[in-house]
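Numbering (the UniProt record's numbering), first residue to last: 1 to 536. By construction, the Cβ of each residue, glycine as well, lies at the ideal position given by its N, Cα and C atoms. If you're wondering where the values come from, they're calculated on a predicted model, not measured in any experiment. Here's the structure we're looking at; comments come further down.
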């Protein structure tokens with residue numbers, strides 16, 4: 001995979017604030033080293049190379065698992081008598097799609113990846129002091145496991161040569177620490193099939209590696225429950241979304257993040273996003289081995305990034321598109337199994353046979369990506385204007401045609417384009433490696449509901465799964481405490497507490513979105529807060 005890097009941002013001089021009951025101490029946050037690369041995550045179109053060296057900070061964070069600010073006490077007034085020691089809270093992060101530049105990115109050209117509104121949601125419950133355990137519950141993959149915190153290998157992770165700070169940059173996993181974790185991983189799902197055990201144990205490894213790297217034996221007992229509305233193994237960054245949720249939740253519990261709050265300066269918000277992103281990358285390494293860094297960056301910051309690597313001996317160029325607009329998107333899963341490695345090899349073989357011709361196609365794809373980023377960044381670009389959307393849509397159509405000429409489309413993908421074109425509602429292209437997987441359609445403004453209904457009927461009849469999503473939305477968000485206005489069982493404080501049972505009992509992805517989704521009836525849900533950055 002393509003390990004990507006960005007320059008680290010300096011921490012702003014303004015001190016972090018504890019706002020709105022969020023669990024943050026006001027303490028000096030260290031400046032990130034000037035030369036430390038910003039590691040970012042997974043583009044799926046890659047062929048593996050070395051990651052940058054990690055600087056050694058040698059600083060140990062102060063850890064306090066249970067201190068409560070005045071904001072905590074206000075938040076705790078919302079909890080029911082049977083609630084745990086501290087209020088439950090939630091973290092959410094988006095999935096992603098590659099919008100422009102699949103395959104050409106492997107050959108040093110630019111690509112754009114953007115967040116989508118399909119998201120993962122992590123519910124965190126702090127247990128009473130008598131329960132010093134940590135539990136991981138991912139019902140989507142049927143994973144439930146509990147560890148005794150006191151029995152975890154703290155000595156290995158806290159050895160002077162191994163201990164990391166919450167702001168450390170970690171670009172490779174420590175084999176000694178992985179070995180220390182192994183007995184605690186082996187006890188996960190012992191009676192399940194090998195295939196299921198592999199998934200469960202990679203998830204458990206990611207969680208425990210972060211938990212022991214960031215926490216301490218004094219960490220409060222906690223229950224982490226995760227639900228996701230992102231299809232798994234569809235090239236949509238589901239694991240990175242989960243990784244961002246895990247990293248953010250642990251950093252929140254350690255009170256090492258500032259915000260999010262509406263008036264937070266952009267430079268301060270960048271530092272918080274970067275801190276989450278670094279540890280999400282560590283989680284992704286536990287799951288994927290050598291991730292590129294694109295997925296977890298998009299899941300952390302939201303919006304979109306332009307990324308390109310022309311020289312594999314140097315860090316790539318990565319540029320956030322902080323003002324990337326929210327665009328209406330249809331995401332269609334073809335349900336056709338794909339192999340990224342197979343599709344990449346197919347293009348490689350074609351390139352070897354016809355280097356000049358394929359090079360011209362790859363250059364054209366690079367030009368499409370450039371044109372798209374320039375268009376979207378123009379001040380005159382209006383995401384609600386039909387002409388602006390038409391220009392983006394035409395670039396998507398061109399990009400798909402170029403991908404098709406490389407042989408990486410599939411009849412199931414072409415059928416989606418045919419159905420969408422027949423209704424005349426938007427512009428469609430494959431996303432990711434191709435050969436199956438998913439397509440994305442940028443919708444025209446004011447599409448008639450009847451046309452969408454007709455399309456839904458055809459998709460369902462032909463075995464496709466459709467998701468109505470938004471492109472380019474927010475990144476990681478926090479709901480502290482876990483209280484939302486749902487119009488159901490509203491208490492005297494004007495909101496409903498989302499406890500773990502309610503969360504677990506939400507039926508399917510629609511139930512999860514209805515209960516805790518960051519977007520309600522066409523607008524942002526009151527309570528969720530995000531780290532937001534404006535363009536410089």
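Residues near residue i by beta carbon distance below 8 Å, same chain, minus five either side
| i | result |
| --- | --- |
| residue 176 | 156, 162 |
| residue 384 | 445 |
Within 9 Å, strictly: CB atoms of residue i and residue j
| i | j | result |
| --- | --- | --- |
| residue 118 | residue 273 | no |
| residue 167 | residue 275 | yes |
| residue 423 | residue 454 | yes |
| residue 485 | residue 527 | yes |
| residue 296 | residue 243 | yes |
| residue 184 | residue 153 | yes |
| residue 170 | residue 278 | yes |
| residue 206 | residue 120 | no |
| residue 301 | residue 531 | yes |
| residue 245 | residue 334 | no |
| residue 400 | residue 110 | no |
| residue 90 | residue 122 | yes |
| residue 512 | residue 88 | no |
| residue 395 | residue 368 | yes |
Cβ neighbours of residue i in the same chain (closer than 6 Å, five flanking residues each side left out)
| i | result |
| --- | --- |
| residue 415 | none |
| residue 137 | 144, 225 |
| residue 517 | none |
| residue 232 | 238 |
| residue 393 | 427, 442 |
| residue 391 | 375 |
Residue(s) in a DSSP beta bridge with residue i
| i | result |
| --- | --- |
| residue 537 | Beyond the ends of the chain as shown, which are 1 and 536, falls residue 537; an answer cannot be given. |
| residue 479 | 90 |
| residue 466 | 332 |
| residue 147 | 134 |
| residue 474 | 302 |
| residue 524 | 519 |
| residue 448 | Looking at the DSSP assignment, residue 448 forms no beta bridge with any residue, so it has no partner. |
| residue 507 | For residue 507, which the question treats as bridged, DSSP gives no partner whatsoever. |
| residue 308 | 317 |
| residue 496 | 484 |
Helix, strand or coil at residue i [DSSP, three-state]
| i | result |
| --- | --- |
| residue 222 | strand |
| residue 345 | helix |
| residue 326 | coil |
| residue 98 | strand |
| residue 122 | strand |
| residue 272 | helix |
| residue 158 | coil |
| residue 321 | strand |
| residue 519 | strand |
| residue 173 | coil |
| residue 227 | strand |
| residue 208 | helix |
| residue 529 | strand |
| residue 361 | helix |
| residue 280 | helix |
| residue 116 | strand |
| residue 111 | strand |
| residue 178 | helix |
| residue 263 | coil |
| residue 103 | coil |
| residue 422 | helix |
| residue 381 | coil |
| residue 513 | helix |
| residue 201 | helix |
| residue 354 | coil |
Same chain, Cβ closer than 7 Å to residue i, five either side skipped, listed in chain order
| i | result |
| --- | --- |
| residue 569 | Nothing about residue 569 can be reported from this structure: the residues present for the chain run from 1 to 536 only. |
| residue 509 | 229 |
| residue 310 | 108 |
| residue 149 | 132, 133, 134, 217, 219, 221 |
| residue 502 | 515 |
| residue 343 | 408, 433, 434, 435 |
| residue 247 | 210, 276, 279, 280, 283 |
| residue 322 | 303, 533, 534, 535 |
Closer than 9 Å to chain B by CB, residue i
| i | result |
| --- | --- |
| residue 401 | Protein chains in the displayed structure number just one, and chain B is not present. |
*Evaluate the contact criterion for the segment 317–330 versus the segment 458–473: three or more CB pairs, one atom per stretch, below 8 Å.*
The segment 317–330 makes contact with the segment 458–473, as at least three CB pairs between them are under 8 Å.
*Do the segment 127–142 and the segment 214–228 meet, that is, are 3 or more Cβ pairs less than 8 Å apart?*
Counting Cβ pairs under 8 Å, three or more are found: they touch.
*Report yes or no: do the segment 335–349 and the segment 427–441 share at least 3 C-beta pairs separated by less than 8 Å?*
Yes, since at least three Cβ pairs between the segment 335–349 and the segment 427–441 fall closer than 8 Å, the two stretches touch.
*Assess, as a yes-or-no matter, whether the segment 116–132 is touched by the segment 365–373 under the definition of 3 or more beta carbon pairs within less than 8 Å.*
Put simply, the segment 365–373 does not touch the segment 116–132. Fewer than three CB pairs are less than 8 Å apart.
*Check whether the segment 359–369 touches the segment 86–97, counting contact only when three or more Cβ pairs, one atom from each stretch, lie closer than 8 Å.*
Here the segment 359–369 does not lie against the segment 86–97, with fewer than 3 beta-carbon pairs under 8 Å apart.
*Using 8 Å as the threshold, is the segment 237–251 in touch with the segment 195–212, meaning 3 or more CB pairs across them?*
Touching, yes, given that three or more Cβ pairs across the two stretches are closer than 8 Å.
*Is the segment 280–293 touching the segment 254–264, taking contact as three or more C-beta pairs under 8 Å?*
Taking 8 Å as the limit for Cβ pairs, the verdict is that the segment 254–264 does not touch the segment 280–293.
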